[in-house]
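Those letters in the sequence shown? Residues -20 to -1, 1 to 165, per mature numbering (1 follows the signal peptide of the UniProt record, and there is no 0), in order. Just so it is clear, CB atoms sit at the ideal spot from N, CA and C, and this is done for glycine as well.
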Amino acid sequence: MKLKPASTLLALALLLAACAGDPRREGPLDPRMVEKVAAVSLDPAQAGRILNAYRASNGLGPVRPDPRLMAMAQRQADAMVKANALSHEAGGNFTARIHAAGVDSARAAENLGGGYFSVEEAFDGWRKSPGHDTNLRMKEATRYGIALSKDPRTSYRVWWALVVAAEPETRVTLDAGPIAPVQRR
């Protein structure tokens, strides 16, 4: 089957529209769902215990909360709600976001989730996803940040972001020494 130019443009427009995120729910919301969303909470220490127990069961060292990673995760979770899109690009390119957050690490990763109504559900979903599970088990990770953002009018209603990272890189300053003239022969 060969698409005509108008059909091709329509297909492209629909594809691009899908990337922009779903429309928000309009009209009255189910009060039970609003209540369910409102009840979702995040205790970063509890998340750390869940993550560290899982890492220990895999022979890995613990991670500790990091304020920069917490703030970075919160900005990403909020950006996903605003865009109504579960996307690593909702808050901008991951590498650019890492640098903007002042996270000086060559090893960092991000897990996103939507529609989980507890931190336990979010971690369960991440453990069942090979790519997300690899991030949870990043050997070099020593720090984490986790965040939650909610809006009952969005497609997932509840949005999660987790960032793990290794220790900051050690900077080496090279001293050129004294300036000496080059002797020619």
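Next item on the list: My understanding is that Ala76 touches Gln56, with C-beta atoms under 8 Å, so please give their C-beta distance in whole angstroms.
Entry: That pair is no contact at about 12 Å.
Notebook entry, point to check: Taking just the CA atoms, how far does Pro42 sit from Thr114?
Noted result: 15 Å
Checklist line | Range of the contiguous alpha helix (DSSP H) that encloses Glu15 | finding: Taken as a continuous stretch (DSSP letters only), the alpha helix (DSSP H) holding Glu15 covers Pro11 to Ala19.
Check: Quick one, are the C-beta atoms of Ala81 and Met52 less than 8 Å apart?
Finding: yes
Next item on the list: Give the single residue among Ser135, Ser129, Pro11 and Thr134 whose Cα lies nearest to the Cα of Leu142.
Entry: When only C-alpha atoms are compared, the closest one is Ser129.
Next item on the list: Tell whether a beta-carbon distance below 8 Å holds between Val17 and Pro132.
Entry: yes
Checklist line | Start and end residues, beta strand (DSSP E) containing Tyr124 | finding: From DSSP, the beta strand (DSSP E) with Tyr124 extends over Arg123 to Lys130.
Next item on the list: Using DSSP bridges, identify the partner residues of Glu101.
Entry: Beta-bridge pairing links Glu101 to no other residue.
Next item on the list: Report the rounded CA-to-CA distance for Lys62 versus Asp104, giving the unit in angstroms.
Entry: So the two alpha carbons sit approximately 25 Å from each other.
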